[in-house]
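**Q**
Number of protein chains: 2
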Amino acid sequence: MALRAGDHSQAAMTGVKEKVLTLDTMNSSIRRVEYAVRGPIVLRALELEQELRQGVKKPFTEVIRANIGDAQAMGQKPITFLRQVLALCAHPDLLNSPNFPEDAKRRAEHILRACGGHSLGAYSISSGIQLIREDVARYIQQRDGGISADPDNIFLSTGASNAIVTVLKLLVAGEGRTRSGVLIPIPQYPLYSAALAELNAVQVDYYLDEERVWALDVAELRRALRQAREHCRPCALCVINPGNPTGQVQTRECIEAVIRFAFEERLFLLADEVYQDNVYAEGSQFHSFKKVLTEMGSPYAEQQELASFHSVSKGYMGECGFRGGYVEVVNMDPAVQQQMRKLMSVRLCPPVPGQVLLDVVVSPPAPSDPSFAQFQAPTRPSQELGLAPDMFFCMSLLEETGICVVPGSGFGQREGTYHFRMTILPPMEKLRPLLEKLSQFHAKFTQEYS
Amino acid sequence: MALRAGDHSQAAMTGVKEKVLTLDTMNSSIRRVEYAVRGPIVLRALELEQELRQGVKKPFTEVIRANIGDAQAMGQKPITFLRQVLALCAHPDLLNSPNFPEDAKRRAEHILRACGGHSLGAYSISSGIQLIREDVARYIQQRDGGISADPDNIFLSTGASNAIVTVLKLLVAGEGRTRSGVLIPIPQYPLYSAALAELNAVQVDYYLDEERVWALDVAELRRALRQAREHCRPCALCVINPGNPTGQVQTRECIEAVIRFAFEERLFLLADEVYQDNVYAEGSQFHSFKKVLTEMGSPYAEQQELASFHSVSKGYMGECGFRGGYVEVVNMDPAVQQQMRKLMSVRLCPPVPGQVLLDVVVSPPAPSDPSFAQFQAPTRPSQELGLAPDMFFCMSLLEETGICVVPGSGFGQREGTYHFRMTILPPMEKLRPLLEKLSQFHAKFTQEYS
Ligand SMILES: Cc1ncc(COP(=O)(O)O)c(C=O)c1O
Ligand SMILES: Cc1ncc(COP(=O)(O)O)c(C=O)c1O
């Protein structure tokens, strides 16, 4: 009964109409969106899980998801204090329970007082609860050695994803050769390529240097920018630091060089810093773009425009399901900031439980608080590995072993090189056999196809 | 120090550069977005609240927000069972507490088993937790007298807002005279005009008939469509039923006529049914578009494309802050539905606590459950009123009385008529003096300016 496009006379005759909304008539920008982290490999993984549940025999008994940084799905336990505060806020009758520590109760009361109707069930103001933005500002100030942060420059969001897309949305404009270009690292986190496709902006790739452990090289930025200027209007530069999927942590010198470059070339800076609490390598240290920019002094400190993103999904808490995050904007044109406020207000507000979690994350119990001892950051690895071939490798790996990883093409890679990306969040007792299976599979695969 | 656009030589000389991102360079579609529910009146209300906190003397002691349908901000208490389940899910240690009813515990365990890592802190699959989509499907089936619903056609979302924008995003395409047009009611809920501006689609207004208590009239749809076809490509029709801001509940005959119209004119139907549990007027009854469409039989039942939206923000629960909602798509082209799945996966997943609430809302305690008696739907009014003049009236009202309402222009109104829209969610003891103040102000205002 399927009809070809345009075949309306026949449609009328048989009484069967073609769909109004088809691949041909739909928004072509959406069709161009690719999304690796949850692409065909993940869809197949879902099917395999269903088949296993239905008792279908497979060479493995469970699917292991190493495709997405989702700590709790991998068995990491949530931090008790965070969840106590949340339960108290959700069900304030518990404030009378003797089974909750005093500091959790105080915190919950403090947050509830700042909520409309003293309830999580009220919409908050669109940029997020004032009190929580103030706590975020204090957190940033401490992180950055005292450099001040203004709560009015902080917008809470539905995960960092939502904040990133909002800022990109403000930036993109133009058609043809004046279309906005946005520089993104390759390999990247695929939200960026997806959002740029959706917004019909030009994705300008700059390659991280695999030979130097995926370092960012300003000469490469310059090359990418020069080429891009021939066909679009580059207006922004995205940096992911610490890197996903590379795990690279940028040096202070590198960040300074990037800021100078952005300033000279008039690029708005987007710093994706959601992994700021996931730095493990010896000698590595996280420097925020805001701090470096401010310490560089004039003209950067007062002029370079910057948006910095953070999330409750990563770090030691790994609370992905709550979709909490924020963006701090620096040196943004006040009129544009007003537009950003308006844009966020159209979606009413970010989820309030995610705002609550963010509040506890940015102001955890102090040493004098009863929950201090219990509130530990179970440090866990989050760097990523790099290896060989691609989609076929990943699909075969999934079918034979149940291990779900992402082909490198989804993040971007230099032509002729092939990678896959896996997260290593599974607990030790799962990770060891996983790596063994993987290594066996890899040996067999390369033998078979080389 | 502000420089004019293009004044780059002077900028270079003084070392002061203009911002990269300005009103001139930013995304002009975003600039065109207007958002009434949280526009200038609400910004001023926020300032007034701040001034009151700082002890500034005003002719009122508190600001009353009748601008947005936010029941709990107005003092409505959340439903205990909902919050018990949520607290148990957030902090599963409570499953051992004797202070929670057994059915709440069973429900929480049931939901947690369906979560990654048995935790709310894991990302769910992008369309929402399978178990919850199954419960939503069962709910729809019951609501619609047994007409089946498929969990794969249900997508959970970050409030209904997010689902509405997602479906609109799929629909819009084209440039100039082939730009997509979307028919929306006037007055409308301003998310629609905002989203269409953002997506650069054409807003096609059809007017509800104030003389007939804001009824929808197919002759008016026909007029709007005919005129729109001269300058764009109308592809979709939005209906809000029960209406916001009008409170109108459509009759079954009206819905049938709308469906026939959409089918004949090849329009994708969007039915915003978030107020389906807020029907109070005697003789009024809610009919879902899905049910009417299915019962109309061939060719509508198998061919007319429809997306129906619902939310946990409205109804008797009024849990706005959690941002839970869903869309059910009917007769959508499977290839497009796949695209929709992809698009949602870019944002990872809707907030899991909102998904949990939705689950309880769609499958509340049964008569045999311990929490049944306690789980009552405190029915409350939610229709809206219609009155005279506009922005000036609303701003004066706010300044003099602290009552925050929305000018009719934000929802749309026939030229030469003026309205404002207020929600009547405040509890009785606030609502009575509010209405008295309002009526005094109105008398004074009309006397003064007529
Ligand atoms: C680099 C990077 N940015 C942003 C995000 C989005 O995180 P969320 O939207 O959950 O806050 C992720 C998630 O994996 C990420 O890896
Ligand atoms: C008609 C209508 N649709 C959709 C929404 C959005 O609701 P939410 O995004 O909170 O689910 C509202 C909120 O007031 C509304 O009135």
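Chains R and C, in that order, are what the protein sequence lines are.
Numbering follows the working numbering, in which position 207 of the first sequence is assigned residue number 207; successive positions increment by one, without gaps.
Going from the second sequence to the working numbering is simple: count from 1 and add 1000.
Glycine included, C-beta positions come from ideal geometry on N, C-alpha and C.
Because the structure is a prediction, the values reported are computed rather than measured.
Less than 8 angstroms between the CB atoms is what I'm expecting for serine 1124 (chain C) and glycine 1116 (chain C), so what's the real figure, rounded?
**A** Within the second sequence, the letter at position 124 stands for residue 1124 (chain C). Within the second sequence, the letter at position 116 stands for residue 1116 (chain C). Indeed, because the Cβ distance is near 7 angstroms, the residues count as touching under 8 angstroms.
**Q** Quick test of your reading: leucine 171 (chain R) and tyrosine 206 (chain R), contact by CB under 8 angstroms. State the CB separation rounded to the nearest angstrom.
**A** As a position in the first sequence, residue 171 (chain R) is number 171, starting the count at 1. As a position in the first sequence, residue 206 (chain R) is number 206, starting the count at 1. So it is not a contact: roughly 17 angstroms between Cβ atoms.
**Q** Here's the rule I'm using: 16 or more other beta-carbon atoms within 10 Å means buried, otherwise exposed. How should proline 1098 (chain C) be labelled?
**A** By one-based count along the second sequence, residue 1098 (chain C) stands at place 98. Result: exposed.
**Q** Going by DSSP in three states, glutamine 203 (chain R) sits in which element: helix, strand or coil?
**A** Against the first sequence, residue 203 (chain R) aligns to sequence position 203. Shown here, glutamine 203 (chain R) sits in a strand according to DSSP, grouped into three states.
**Q** What separation, rounded to the nearest whole angstrom, lies between the Cα atoms of isoleucine 79 (chain R) and glycine 354 (chain R)?
**A** Translated into the one-based positions of the first sequence, residue 79 (chain R) becomes position 79. Translated into the one-based positions of the first sequence, residue 354 (chain R) becomes position 354. Rounded to whole angstroms, isoleucine 79 (chain R) to glycine 354 (chain R) spans 14 angstroms at the Cα level.
**Q** Look at the Cβ atom of leucine 306 (chain R), then the Cβ atom of valine 330 (chain R), and state whether they are nearer than 7 angstroms.
**A** Within the first sequence, residue 306 (chain R) is the residue found at index 306, counting from 1. Within the first sequence, residue 330 (chain R) is the residue found at index 330, counting from 1. Yes, the Cβ-Cβ distance between leucine 306 (chain R) and valine 330 (chain R) is below 7 angstroms.
**Q** May I ask whether a heavy atom of ligand 2 can be found less than 6 angstroms away from the beta carbon of asparagine 1241 (chain C)?
**A** On the second sequence, position 241 is the one that residue 1241 (chain C) refers to. Result no, Cβ not under 6 angstroms from ligand 2.
**Q** In chain order, what residues of the same chain lie with their CB nearer than 6 angstroms to the CB of alanine 1377 (chain C), ignoring the 5 residues before and after it?
**A** If you number the second sequence from 1, residue 1377 (chain C) lands on position 377. Per-residue confidence for alanine 1377 (chain C) stands at a pLDDT of 49, beneath the threshold of 50, marking its modelled position as unreliable; the derived number appears in the next sentence. So the qualifying residues of the chain are Tyr1316.
**Q** So, does the CB of histidine 310 (chain R) fall closer than 7 angstroms to a CB anywhere in chain C?
**A** Taking the first sequence and counting its residues from 1, the one referred to as residue 310 (chain R) is at position 310. By this cut-off, histidine 310 (chain R) is not an interface position.
**Q** Please state whether the Cβ-Cβ distance between aspartate 369 (chain R) and aspartate 103 (chain R) is less than 7 angstroms.
**A** Taking the first residue of the first sequence as 1, we reach residue 369 (chain R) at position 369. Taking the first residue of the first sequence as 1, we reach residue 103 (chain R) at position 103. Contact: yes.
**Q** State yes or no: is the beta carbon of leucine 208 (chain R) nearer than 7 angstroms to at least one beta carbon in chain C?
**A** Within the first sequence, residue 208 (chain R) is the residue found at index 208, counting from 1. With 7 angstroms as the cut-off, leucine 208 (chain R) does not count as an interface residue toward chain C.
**Q** I want to verify the contact list: residues of chain R whose CB lies under 9 angstroms from the CB of isoleucine 1068 (chain C), in sequence order.
**A** Translated into the one-based positions of the second sequence, residue 1068 (chain C) becomes position 68. Per Cβ cutoff of 9 angstroms: Tyr123 and Leu348.
**Q** Please confirm whether aspartate 152 (chain R) and threonine 1022 (chain C) have their CB atoms less than 7 angstroms apart.
**A** As a working note, residue 152 (chain R) is residue 152 in the first sequence. As a working note, residue 1022 (chain C) is residue 22 in the second sequence. Against a cut-off of 7 angstroms, the Cβ pair of threonine 1022 (chain C) and aspartate 152 (chain R) comes out as no contact.
**Q** Rounding to the nearest angstrom, what Cα-Cα distance links serine 1029 (chain C) and glutamine 338 (chain R) in this structure?
**A** Against the second sequence, residue 1029 (chain C) aligns to sequence position 29. Against the first sequence, residue 338 (chain R) aligns to sequence position 338. Whole-angstrom Cα-Cα distance: 15 angstroms.
**Q** What are the complete alpha helix (DSSP H) segments, minimum 4 residues, inside the segment 1099–1135 of chain C?
**A** 1102–1113
**Q** With the cut-off set at 7 angstroms, would you say leucine 1086 (chain C) and valine 1356 (chain C) are in Cβ contact?
**A** For the purposes of this step, residue 1086 (chain C) is taken as residue 86 along the second sequence, with counting starting at 1. For the purposes of this step, residue 1356 (chain C) is taken as residue 356 along the second sequence, with counting starting at 1. Contact: yes.
**Q** Go ahead and pull the three-state DSSP assignment for tyrosine 139 (chain R).
**A** Within the first sequence, numbered from 1, the residue matching residue 139 (chain R) stands at position 139. Tyrosine 139 (chain R) falls in the helix class under three-state DSSP.
**Q** Would you decide whether proline 1367 (chain C) is buried or exposed? Buried here means 16 or more other CB atoms lie within 10 Å of its CB.
**A** The residue labelled residue 1367 (chain C) in the question sits at position 367 within the second sequence. Classification of proline 1367 (chain C): exposed, given that the 10 Å Cβ count is below 16.
**Q** Suppose you measure from the CA of histidine 118 (chain R) to the CA of cysteine 1089 (chain C); what does that come to, to the nearest Å?
**A** Position 118 of the first sequence, counted from the first residue, corresponds to residue 118 (chain R). Position 89 of the second sequence, counted from the first residue, corresponds to residue 1089 (chain C). Using only the alpha carbons, I get a separation of about 21 angstroms.
**Q** Straight-line CA distance for threonine 446 (chain R) to aspartate 390 (chain R)?
**A** Your numbering for residue 446 (chain R) matches position 446 in the first sequence. Your numbering for residue 390 (chain R) matches position 390 in the first sequence. Looking at the two C-alpha atoms, the distance is approximately 12 angstroms.
**Q** Tell me whether alanine 1160 (chain C), by its Cβ, gets closer than 6 angstroms to a heavy atom of ligand 2.
**A** In the second sequence, residue 1160 (chain C) corresponds to position 160, counting from 1. Yes.
**Q** Just the C-alpha distance for serine 1409 (chain C) and methionine 1395 (chain C), rounded to the nearest angstrom, thanks.
**A** In the second sequence, counting from the first residue as 1, residue 1409 (chain C) sits at position 409. In the second sequence, counting from the first residue as 1, residue 1395 (chain C) sits at position 395. Rounded to whole angstroms, serine 1409 (chain C) to methionine 1395 (chain C) spans 13 angstroms at the Cα level.
**Q** Would you call phenylalanine 392 (chain R) buried or exposed, if buried means 16 or more other Cβ atoms sit within 10 Å of its Cβ?
**A** Numbered from its first residue, the first sequence carries residue 392 (chain R) at position 392. Residue environment analysis places phenylalanine 392 (chain R) among the exposed positions, since fewer than 16 neighbouring C-beta atoms fall within 10 angstroms of its C-beta.
**Q** The segment 147–165 of chain R: which residues have C-beta closer than 9 angstroms to a C-beta of chain C, in chain order?
**A** The segment 147–165 of chain R vs chain C, Cβ under 9 angstroms: Thr158, Gly159, Ser161, Asn162 and Val165.
**Q** What whole-angstrom Cβ distance do proline 1190 (chain C) and phenylalanine 1411 (chain C) have, given they're in contact under 8 angstroms?
**A** As a position in the second sequence, residue 1190 (chain C) is number 190, starting the count at 1. As a position in the second sequence, residue 1411 (chain C) is number 411, starting the count at 1. With 8 angstroms as the limit, proline 1190 (chain C) and phenylalanine 1411 (chain C) qualify as a contact, their Cβ atoms being about 6 angstroms apart.
**Q** Determine, using beta carbons only, whether histidine 1091 (chain C) comes closer than 7 angstroms to chain R.
**A** For the purposes of this step, residue 1091 (chain C) is taken as residue 91 along the second sequence, with counting starting at 1. So yes, histidine 1091 (chain C) belongs to the interface.
**Q** Quick one: is leucine 438 (chain R) near chain C, going by C-beta distance under 7 angstroms?
**A** Residue numbering aside, residue 438 (chain R) sits at position 438 when the first sequence is read from its first letter. For leucine 438 (chain R), the answer is no, since every Cβ of chain C falls outside 7 angstroms of its Cβ.
**Q** When Cβ atoms are compared, which residues of the segment 1287–1320 of chain C fall closer than 7 angstroms to chain R?
**A** Pro1299, Gln1303, Glu1305, Gly1318, Glu1319 and Cys1320
**Q** What is the DSSP secondary structure of tyrosine 1300 (chain C), reduced to helix, strand or coil?
**A** Position 300 of the second sequence holds residue 1300 (chain C). Of the three classes helix, strand and coil, the one that applies to tyrosine 1300 (chain C) here is helix, per DSSP.
**Q** Closer than 7 angstroms, Cβ to any Cβ of chain C: which residues of the segment 232–254 of chain R, in chain order?
**A** Cys235
**Q** How far does the alpha helix (DSSP H) with histidine 1442 (chain C) in it reach, from first residue to last?
**A** Looking up residue 1442 (chain C) in the second sequence gives position 442. Boundaries of the alpha helix (DSSP H) harbouring histidine 1442 (chain C): 1428–1448, taken from the DSSP string.
**Q** With DSSP run on the structure shown, which of helix, strand or coil describes aspartate 424 (chain R)?
**A** Along the first sequence, one-based indexing puts residue 424 (chain R) at 424. What sits at residue 424 (chain R) in the sequence shown is isoleucine, not aspartate. Of the three classes helix, strand and coil, the one that applies to isoleucine 424 (chain R) here is coil, per DSSP.
**Q** Under 8 angstroms, with one C-beta from each stretch per pair, do the segment 52–72 of chain R and the segment 289–309 of chain R reach the 3-pair mark?
**A** With the cut-off at 8 angstroms, the segment 52–72 of chain R and the segment 289–309 of chain R do not touch.
**Q** Which complete alpha helix (DSSP H) runs does the segment 280–363 of chain R hold, if anything under 4 residues is left out?
**A** If we require 4 residues or more, the alpha helix (DSSP H) runs fully inside the segment 280–363 of chain R come out as 289–295, 300–303, 334–346 and 352–362.
**Q** What is the rounded straight-line gap between the Cα of threonine 1061 (chain C) and the Cα of valine 239 (chain R)?
**A** As a working mapping, residue 1061 (chain C) is identified with position 61 in the second sequence. As a working mapping, residue 239 (chain R) is identified with position 239 in the first sequence. Linking threonine 1061 (chain C) to valine 239 (chain R) through their CA atoms gives a straight-line distance of about 48 angstroms.
**Q** I think leucine 348 (chain R) touches aspartate 70 (chain R), with their Cβ atoms under 8 angstroms apart; what is that distance to the nearest whole Å?
**A** The sequence position of residue 348 (chain R) within the first sequence is 348, counting from 1. The sequence position of residue 70 (chain R) within the first sequence is 70, counting from 1. Not quite, the Cβ-Cβ distance comes to about 26 angstroms (not below 8 angstroms), so this is no contact.
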